[in-house]
Every structure is written in structure tokens, then in C-alpha cells.
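Participant: Quick note, the sequences are listed as chains A and B, same order. Counting the first sequence from 1 gives a position; the numbering used here is that position plus 92. Counting the second sequence from 1 gives a position; the numbering used here is that position plus 24. No residue lacks a Cβ here, since even glycine has one placed at the ideal position from N, Cα and C.
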Amino acid sequence: MQVLSSPLSGSLLAAAAWFAIAILSLIPAGNAFFARKLAFPLGMLAGLALAASGLQAIWLASPEQMTLPLGLPELPFHLRLDPLAGYFLMLLGSVSAGVSIYAAGYFRDETAGRLALIALEYHLFLASMAFVILADDAYLFMVAWETMALSSYFLVTTDHKLPAIRSAGFLYLLIAHLGAIAILLCFGVMNGGQGDYTFDALRAAELKPRWATVAFLLAFFGFGAKAGMIPLHAWLPEAHPAAPSPVSALMSGIMLKTAIYGMIRVIYDLIGNVRWEWGMLVLVIGTGTTLFGVLYALMQHDLKRLLAYHSVENIGIILLGLGMSMVFVGFGHPAAGALGLIAALYHTLNHAVFKALLFLGAGSILHATGLRNLNNMGGLIHKMPQTAFYFLVGALAISALPPLNGFVSEWLTFQTALQAPILKNGVVRSLLPLFAATLALAGALTAMCFVKVYGIAFLGRPRETQPPARSSEGDQVHDAGLMERFGMAWLAAGCFVLGLFPTSFLLMLNRVAVSLTGQGLREAAVQSNWLWLVPIESERASYSPIVFLIVILCVTLLTFILVRRFYHGRLRYSEAWGCGYSELTARAQDTADAFGQPIRHVFGPLYLMKRRMPEPDDPAPRFSLKIYDRHWYWLYLPVARLAEYVSSKIALLQQGRISIYLLYSFLTLIALLVFVR
Amino acid sequence: MIDAPGIAFQVLQSVFVVLAAPLLMGWANQCRAWLQNRSAPSILLPYYTLAKLFHKDVVIARNASALFHVTPYVVFGCMWLAAGIVPVLATDLPFAPAADIIALVGVFALARVFSALAAMDIGTAFGGLGARREMLIGFLAEPAMLMILFTAAFISGSTQLNTIVETLAYREFAIYPSLAFAAVAFLMVLLAENARIPIDNPTTHLELTMIHEAMILEYSARHLALIEWAVAIKLFAYMAIGIALFLPWGIAQAGDWGALPLALATLAAKLALAGAGLALLETLLAKLRLFLAPEFLSTAFLLGVLGMLTHFLTLG
Numbered sequence: 093m094q095v096l097s098s099p100l101s102g103s104l105l106a107a108a109a110w111f112a113i114a115i116l117s118l119i120p121a122g123n124a125f126f127a128r129k130l131a132f133p134l135g136m137l138a139g140l141a142l143a144a145s146g147l148q149a150i151w152l153a154s155p156e157q158m159t160l161p162l163g164l165p166e167l168p169f170h171l172r173l174d175p176l177a178g179y180f181l182m183l184l185g186s187v188s189a190g191v192s193i194y195a196a197g198y199f200r201d202e203t204a205g206r207l208a209l210i211a212l213e214y215h216l217f218l219a220s221m222a223f224v225i226l227a228d229d230a231y232l233f234m235v236a237w238e239t240m241a242l243s244s245y246f247l248v249t250t251d252h253k254l255p256a257i258r259s260a261g262f263l264y265l266l267i268a269h270l271g272a273i274a275i276l277l278c279f280g281v282m283n284g285g286q287g288d289y290t291f292d293a294l295r296a297a298e299l300k301p302r303w304a305t306v307a308f309l310l311a312f313f314g315f316g317a318k319a320g321m322i323p324l325h326a327w328l329p330e331a332h333p334a335a336p337s338p339v340s341a342l343m344s345g346i347m348l349k350t351a352i353y354g355m356i357r358v359i360y361d362l363i364g365n366v367r368w369e370w371g372m373l374v375l376v377i378g379t380g381t382t383l384f385g386v387l388y389a390l391m392q393h394d395l396k397r398l399l400a401y402h403s404v405e406n407i408g409i410i411l412l413g414l415g416m417s418m419v420f421v422g423f424g425h426p427a428a429g430a431l432g433l434i435a436a437l438y439h440t441l442n443h444a445v446f447k448a449l450l451f452l453g454a455g456s457i458l459h460a461t462g463l464r465n466l467n468n469m470g471g472l473i474h475k476m477p478q479t480a481f482y483f484l485v486g487a488l489a490i491s492a493l494p495p496l497n498g499f500v501s502e503w504l505t506f507q508t509a510l511q512a513p514i515l516k517n518g519v520v521r522s523l524l525p526l527f528a529a530t531l532a533l534a535g536a537l538t539a540m541c542f543v544k545v546y547g548i549a550f551l552g553r554p555r556e557t558q559p560p561a562r563s564s565e566g567d568q569v570h571d572a573g574l575m576e577r578f579g580m581a582w583l584a585a586g587c588f589v590l591g592l593f594p595t596s597f598l599l600m601l602n603r604v605a606v607s608l609t610g611q612g613l614r615e616a617a618v619q620s621n622w623l624w625l626v627p628i629e630s631e632r633a634s635y636s637p638i639v640f641l642i643v644i645l646c647v648t649l650l651t652f653i654l655v656r657r658f659y660h661g662r663l664r665y666s667e668a669w670g671c672g673y674s675e676l677t678a679r680a681q682d683t684a685d686a687f688g689q690p691i692r693h694v695f696g697p698l699y700l701m702k703r704r705m706p707e708p709d710d711p712a713p714r715f716s717l718k719i720y721d722r723h724w725y726w727l728y729l730p731v732a733r734l735a736e737y738v739s740s741k742i743a744l745l746q747q748g749r750i751s752i753y754l755l756y757s758f759l760t761l762i763a764l765l766v767f768v769r
Numbered sequence: 025m026i027d028a029p030g031i032a033f034q035v036l037q038s039v040f041v042v043l044a045a046p047l048l049m050g051w052a053n054q055c056r057a058w059l060q061n062r063s064a065p066s067i068l069l070p071y072y073t074l075a076k077l078f079h080k081d082v083v084i085a086r087n088a089s090a091l092f093h094v095t096p097y098v099v100f101g102c103m104w105l106a107a108g109i110v111p112v113l114a115t116d117l118p119f120a121p122a123a124d125i126i127a128l129v130g131v132f133a134l135a136r137v138f139s140a141l142a143a144m145d146i147g148t149a150f151g152g153l154g155a156r157r158e159m160l161i162g163f164l165a166e167p168a169m170l171m172i173l174f175t176a177a178f179i180s181g182s183t184q185l186n187t188i189v190e191t192l193a194y195r196e197f198a199i200y201p202s203l204a205f206a207a208v209a210f211l212m213v214l215l216a217e218n219a220r221i222p223i224d225n226p227t228t229h230l231e232l233t234m235i236h237e238a239m240i241l242e243y244s245a246r247h248l249a250l251i252e253w254a255v256a257i258k259l260f261a262y263m264a265i266g267i268a269l270f271l272p273w274g275i276a277q278a279g280d281w282g283a284l285p286l287a288l289a290t291l292a293a294k295l296a297l298a299g300a301g302l303a304l305l306e307t308l309l310a311k312l313r314l315f316l317a318p319e320f321l322s323t324a325f326l327l328g329v330l331g332m333l334t335h336f337l338t339l340g
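(1) Check whether the Cβ of B/GLU166 lies closer than 8 Å to any Cβ atom in chain A.
(2) Considering Cα atoms alone, identify which of A/ASN497, A/LEU496, A/ALA460, A/LEU493 is closest to A/THR479.
(3) Is B/ARG313 helix, strand or coil when you go by DSSP?
(4) Just checking: is the beta-carbon of B/PHE336 within a distance shorter than 8 Å of some beta-carbon in chain A?
(5) Could you confirm whether any beta carbon from chain B is found closer than 8 Å to the beta carbon of A/PHE802?
(6) In this structure, what does DSSP give as the bridge partners for A/MET158?
(7) Within this structure, are the beta carbons of A/LEU437 and A/LEU181 separated by less than 8 Å?
(8) Could you check if A/TYR673 is buried or exposed, using at least 16 other CB atoms within 10 Å of its CB as the buried criterion?
(9) Could you tell me whether any Cβ in chain B is nearer than 8 Å to the Cβ of A/GLU667?
(10) For B/ALA310, collect the residues of the same chain with a Cβ closer than 8 Å to its Cβ; drop the 5 residues on either side in sequence, then sort them by chain order.
(11) Return yes when the Cβ of B/ALA133 is within less than 8 Å of the Cβ of B/ALA155, no when it is not.
(12) Alpha helix (DSSP H) containing A/LYS770: first to last residue?
(13) Just to confirm my understanding: we take A/LEU142, look at its own chain, exclude 5 residues before and 5 after, and list those with CB closer than 6 Å. What are they?
(14) Answer with yes or no whether the minimum CB distance from B/ALA256 to chain A is below 8 Å.
(15) Does the beta carbon of A/GLU631 sit closer than 8 Å to a beta carbon anywhere in chain B?
(16) Give me the residue from A/SER456, A/ALA326, A/PRO495 with the minimum Cα distance to A/ILE642.
(17) Between the region 385 to 413 of chain A and chain B, which residues of the former have a C-beta closer than 8 Å to a C-beta of the latter?
(18) Using only CA atoms, which one of A/MET221, A/ASP229, A/HIS332, A/GLY314 lies nearest to A/ASP251?
(19) Could you pull out every unbroken beta strand (DSSP E) segment of at least 3 residues lying fully inside the region 671 to 748 of chain A, listed in chain order?
(20) Would you say B/MET263 lies against chain C (beta-carbon separation less than 8 Å)?
(21) Whole angstroms are fine: how far does the CA of A/SER666 sit from the CA of A/GLY378?
(22) Does any C-beta atom of chain B lie closer than 8 Å to the C-beta of A/ILE377?
(23) Between B/GLY341 and B/PRO118, how many whole angstroms is the CB-CB distance? I'm expecting something under 8 Å.
(24) Using 8 Å as the cut-off, can you tell me whether the region 103 to 113 of chain B makes contact with the region 510 to 523 of chain A, which would need three or more C-beta pairs spanning the two stretches below that distance?
(25) For A/LEU171, which residues from the same chain have a beta carbon less than 6 Å from its beta carbon, with the 5 sequence-adjacent residues on both sides left out?
(26) For the alpha helix (DSSP H) holding A/ALA260, just list the boundary residues, first then last.
(27) Hey, does A/ALA489 have any beta-carbon neighbour from chain B nearer than 8 Å?
(28) Kindly say whether A/HIS693, judged by its beta-carbon, lies nearer than 8 Å to any beta-carbon of chain B.
(29) So A/ILE457 contacts chain B; which residues on that side make the cut at Cβ distance below 8 Å?
(30) What are the uninterrupted segments assigned as beta strand (DSSP E) that are 3 or more residues long and contained completely in the region 126 to 155 of chain A, given in chain order?
(31) Within a Cβ cutoff of 6 Å, which residues of the same chain sit near A/ARG555, ignoring the five residues on either side of it in sequence?
(32) State yes or no: is the C-beta of B/ILE275 within less than 8 Å of the C-beta of B/THR175?
(33) Is DSSP giving B/ALA85 helix, strand or coil here?
(34) Mind listing the chain A neighbours of B/HIS79? Cutoff is C-beta to C-beta under 9 Å, in chain order.
(35) Are B/VAL131 and A/ALA539 touching if we call contact CB-CB under 8 Å?
(36) Which runs of the alpha helix (DSSP H) at least 4 residues long sit entirely within the region 148 to 178 of chain B? Give them in chain order.
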């Protein structure tokens, strides 16, 4: 029992359990019985255990540390659990629990070989993420980080027979490694040549301001590549649609968050001395990420690509909170800085919950209908009512509508921006509210995007081109299975809990903020009770989602009863109004592309569009429109061409004759003998 | 301040706003008729229309989902909640801390998302068209609205409408240049958000130019009545927000029964002026093309930003 009472051992045990499940999944016996029936439910239990340990760790008085005699000789693994790590472990455990139980249902039709591999990679992926969060030295951190990248790469390329998926996987791996190199260099810079790579040593190292900035830039862009911030986001919209849906949910919901974890860990904890100029850079990139993410999401008609672009957007929102926090901390206002950090961390958890939910919903649609293209869907609410409900919860949550969870964290971000008057620097002071305005714009655009998704996929009538279902239970489109529904219900409940009881999470996050910035929220905020969310003082701002929800429900119910009481409930069914035509065709409905048309009109210059308008005398007129990501053309393709050019020059060295290679070795030896004495 | 008089005031205000909202609509219509040299309908016409609609049988398309059925109630509920939060008759209402101005914008957004979803539920061409346009106006108006509210929040150091009103109403008279910018911007947002000319025409019968009306084409009878009523409450609430931000004088405090008649009288006077002003604007202006709406609303946004910057400049 001693072991279980310590959160660090508890979480280590849960991570080890995932590792064990991964290995056991390889047992081929009985049509991969273990992987099919036990692996994912057990993985869910381990996730819950991990979440419990993480929750416990947030309230630890002092961080727990442990050294594992694994790894290289003289270089053991150091583990450490503090409130920040505890919070992210809780996120990992609780969100992955929902995804795992969903996966138990989702993967039931796979063949034994594929299933065993998926279960192996899946649980290895989870375990490596736990170790990323637990790591207390750069060595273990990088090992876990790379294991995470590789296992997710293999998960992305599950359907490796399709060339598109292979190239998506390659792009993912490439950007993941560019990021990893930057992170590695960042650890090197922070280390300053003393040879000890434990985080304790990195924390203690005094960096010159210039080197601290270099370390910050490396960490920001290194982790940013994993998080999917602009302009390093290109892998997200490729990799997420390629992966099986539960894997997309894990990657988007949790893996991107490990990058946020790394950013916060390095910037606040290891480097320390946060500078406000860094915060401004984070804010500028965060704003760009938010806007580009949502604007490109609006242009997508592939559901999973669309969700991937929304992940980009939400990372931008998290960066906005983080950037504001860094600005405040840099100017010496730790209380306001704590609020920004709390907003960012809250949104991290919120996004994990609702984005995982939405990806799972997309998976259920894909499973039931075989469709990913919104333009072929329609009317699914009649065939998949339960999935439709859960998806609606997720859509309302991501659109930042009260009283669900997305609203709370955006509200906290707004409150942080409204702290701007305490700053002395006039320019920064007037810029902060503008960053908040872009957040408002992004929130409203997200709402538009999810009206589009929900309206087109679930509402309306089926589009004509809808192909027959490819499910195993006959050709009828069906609702998600029990396990899948359970996973979605778990996450949807999370959206409600996080939205309705924000104060308990605020207090929890206050612990994290105290452990990082040394100061938390003001007394008035900490003493706020569960009903009223008061981040600063009650005269300044308050929000009570429970009262909000109760009033809305009561008023709505009252209206219903009054209308029925004083009038009647008579109802007739009839055809929809056909605008004077006798028959309505389903093709008259908006498509996903049509819905985005006003956005293309308003934000036209931001897109790279190739439009083909038919000529007036065209016998078979067709209109086609393609939208490309501009970043490909100004960043990725030039870099790719440069890399090709450089490697073609270097290829001159390769003559293919052994004598030449021997000559190279000889020259190298001579050079070494000259330089190394 | 949760005590008996406070709650009485809360209930009184919520019911008052819901009942009085169609009257404001009727008054605005009457003024417009006069200005356009028509003989005006009765000021009570909106009530008669609502009663007529409530008595009719609902006709619903066969493929309507549950969402379509609940949306009118949800929209009405959201507006009712807004009516309870905005300080119309009194400040310091017990429910007011449940939502500040940002949450209030969220309430309106919630109602908008539900109406847009319901519009797409039947699967007609106009439903999708209306939903798309409504969301376009929505995402343009929301940042502008927040900029205006931020300006007010910076002046009073709070996002609570209560505190804002109390700061502005009870402190000695001062002219805030930032509020002047915000007021103009707010007027523009009000017109756009409430589907009035020049953004939308509430009396149009031409589907192709519709925004809000296109969304509710499929609704009938009590559902339509609730939506129309919610529209009236929304207009009332927006005007009340405008009054609270820019002309807050004369409002009572919750529980202060003596100040209530004065508060009612000043409110009636302000709203009568606002309604007449709205009618005047709608008579003078023509409806803009849909794609001029972004310019209109980005002007509002820029005015809001200017207001905020002016506040920081005058702050020194």
C-alpha cells in the first residue's frame, strides 16, 4: 500500500501497466484474444489510475523524485512529479480513458495481426507520453519524446498501403524530428557545458540573457513543431485524417498537449526569468495560429482535416493565454501572469476533452457510413441520434458557448487581457486587448464552422451521392456501438463537468501556477466557492455556469409549460416548403464549400485559391475550386528545394569507388592528426 | 445581494422585459409608419400577432429532428436569461453576477447557433443560406461588440454590467471621448445583431435578400411566435445594454421601491427615444448589399478599437 499512496509510484505503475499491455497484446493466441477483448479496457483502467495519481500529485506539498536504475550505465532515469506534471498526467489519464474504451469498440473488426500491432503501438504511445511528463532529465525526456514520435508515426501509417498515408506519415516524422533537434539543442544550450543533464542541474544553471533567449527560441519552435503552431503546422492536417480515429483523438487531444507541457516546463521552470519580449513573440505567433487555423478549417470539407485545423486554432488560443501570462510575469505582475497561465492550462484540458470527443464522433461517422467528406453526408441525426447528441456537445463546447467548458477558458483569457491597464508599457498595454479581439473573432468563426459541420453532416437530408453503408451489420447506417458510445459519453460528461464546476479546477490550477510563478491568484479568487467563478475580485468579474444553466433550463421549461397550458400542443406534419417548386431535391442544400463562401469572400487574400469558372458556352459546365495552404509555397517547398539542391551537391562526394572512399578516410585521419593533439 | 426584495426586483424585471419587449417593437413600427407617411398600425399589433400565432396549429416538415422542436424554446430561454441579467430597471440584481458582459455575448451567440442549426435541419436551400449569412454577421459583430464592452470595462475596471453602470451612473458627470467612439460602434453592432436595416430588412418578403427571415422560414405557429418574441426581447435587451453603457442615469437599485417609478419613467422615455431613432435610421438608410456588411462591421470594430486606444491615451 505504501507504493500506491505515493502519486509518483502510482503513476509509474500505471505507465508500466500500459507498457505491459503493449507487450501482452502481441500474444497471437485465440485470434489475438488479449488485444481484442482485454487490452483497451485494461488500458482504460490504467488511464483512470494515472488520472487519480495525477490529481493527487497536484496537491503535493513538495515535488516527489525518484531515480530508476534503467538506461545507460552512469546515466539513470530521473523521475519527478510536481503539480504541473500531475495536472498533465491527469489530462493524459482521463482523456485517454475515454478514447481507450472507445477504441475497444472501434477496432473490434480488425484482423488479428493488425489489431495486435495497433494495440502494441497504441499503449506504447500512451506509456511514452506518461514518461515525457514524468521525466526529470533531458536524456529520459528525449528517449520518451522520440518513442512517442515513433509509435505515433506507426499508428498514423496503420493503412500504409495507401501512398497518401505514407507521405503524410513521412511529413509528420520529418517535422517531428526537426522539432526534436531543436529541443535537443535547447537542452544543450541550457546545460552550458557542465555535462549534467538532470533538470535540477538545468534549473540551477545561470544563463546569460542572450543564451536564455536562444534557449527560449529553440524550445518555443521545437515544441511548437509538435504542437502544430504556424508555420510548422503542415503535418497536422495530413496526419490526422490518415490515422484511425481514436489515434487522431489521442494525437490531437493529448500529444499536442505534451508539447505545451514541454514549453511551460522549459520556459517557466528550467529557464525561469521569463522576459516579456518572449511573451510578445508567443502572442504574435499565437494570434497567427489561431486565425489561420480557423480560417483554413472553414475551407475544409474533409471532416478530420477540418478538425485538425481546429487543433491548430486551439493551440493558438492556448499560446495566447501563455503569451499574456509571460508578458505579465516579465513585467513583474505574477498575479496576472498566474491568471494567464491558468487560462492556458485550462484551455489545454478543455481542448483535450472536446477535441477527442469530436474526433471520436468523426470516427463513428466514418465507421457507420464510410464517409469523411461532409459534402456526401446529411441527415445523420436520424440514423445516429446518440452520436449526434455527443457531437453536438463537443461542437457547442469548441464554439466557446456557455455553459460548456470551452467558454470558461476563453473567458479566463479575456479576463487576463483585461488586466492590461496594470502594465506600464503603453504599446503592450493597448496591444493585449487587440489579441483578445482576435480571440473573439476566432471564437465566432469556430461557431460558424461547427454550424457548418453539424448542419451538413447531421442535419438536413442525405445528399444524393451518399454511398451505401459498409458496416458489418447489414447495409443500414447504424449508431455507434455500446463501447464507442460509452467513450463519447465519458468525454461529453467531461465537457459538462469542466464547464459547470470551473472553480474547483481554478483552485487546482492555482496550485500549478504557484509552483511555477511563485505566486497565485489573489485571496478573493482563492476563496471563491464552487458556485461563483471569481478570478480576480467579485466586483470585477464573476461567472456562474450552474446558475446560468439552471436559469436557462427553468426558463425554457417554464416557457414550454406556459405555452402548453395556455394554448395547445397541436402539431401537423407536412412537406417542407418548396419555394414554389413541387419537389425539393437534396442537392439544393448547402454544401460544405458553399457554406464557406462568405469567408472566402471576406478573407480572400489570405487563401491561395485556384478557381475554374465555366465559359458561357461550355457544353458541360463545371465549377471547380481548390484551396491551398499558403505556407506550402512560401516555406515548405523552398526549403524542400534547398534541401534537394544541397544534397545533390553533397552527392558529388559519392563516387561509388572504394579507392575514393579510402582516400576520404585517409584525409580525415590526417586532418584529425593535425588538429587533435 | 440575495434577499427577498432583490429577488422580487429580479422577477419583476425579467417579467417586465419579456412583456414590454413587443411594445417597443410596436412603437418602432408605428414611428416608422409615420415617418414613411403611412397610417400606422396599432402599437399593440405585435401582441395581436403573437396571440394569433399561438392559436394556430404547428405545421412541421416531416424530416424535422428534435433539434428543430427545441430550438424556439432554447432561443426564447436565452433571451429571457439576458433580460434578467441586463440592468434595465435596477442594478445589483441577484442573478446579475451569474454572467458578465462576456457571458452575455455568449448567451446571444448560443441563441444564434441554435437558430442557425435549426435552419439547416429541414434541408431547404434558404435555410442553409440564412444560417450561413447569419453566422457571417455574427462573427463580424462579436469582436466589435467585445471591443466596445472592453472600453467600458477598462473605464470601470470591471466586466460586470452592474459595476459598469454604477461607476458611470453615480460618479460625477464626465465626458469620456472613448465612450463616444464606443457608442457609435455600439449603434452599428445593434443594427447588425438585430437584423435591422442597413444589414437586414425585417419586413422583407424577398427570400434572396433575407438573412434572419430566411432562417425561420420553416417555423410556424407557436414556434414562430416564440422566435418573434425572442427577437423583440433581443432588441429590447440590446437597447437596454446601450442605455446602461451610455445613458445610465436614473436607474434604481435592487430593493429600492421608492426609486422604481422614476426608473420606469426614465426608462420609458429613453426607450421611446431609442425606438423612434431606430425608425428614423431605418427610414433614412437603404439596405446594404450583403458583402458590404463586412465593411460596415469592420468600421464598427475599428471605432471600438479607437475608443479603447483613446481611453488608454487619456489615461496617460
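Facilitator: Checking against the coordinates, here is how it stands:
(1) yes
(2) A/ALA460
(3) coil
(4) yes
(5) Because chain A is modelled from 93 through 769, residue 802 of chain A falls outside the range shown and cannot be assessed.
(6) A/LEU171
(7) no
(8) exposed
(9) yes
(10) ILE221, PRO222
(11) no
(12) With chain A covering only 93 through 769, there is no way to say anything about residue 770 of chain A.
(13) SER103, ALA106, LEU181, GLY185
(14) no
(15) yes
(16) A/PRO495
(17) none
(18) A/HIS332
(19) 700 to 704, 716 to 720
(20) The structure shown contains no chain C; its protein chains are A and B.
(21) 50 Å
(22) no
(23) Residue numbering for chain B in the displayed model covers 25 to 340; residue 341 of chain B lies beyond these limits and cannot be assessed.
(24) no
(25) MET158, LEU226, ASP228
(26) 255 to 283
(27) no
(28) yes
(29) Per Cβ cutoff of 8 Å: no residues; A/ILE457 is ~16 Å from chain B at best.
(30) none
(31) ASN468, GLY470, ALA678
(32) no
(33) strand
(34) TYR659, HIS660
(35) no
(36) none
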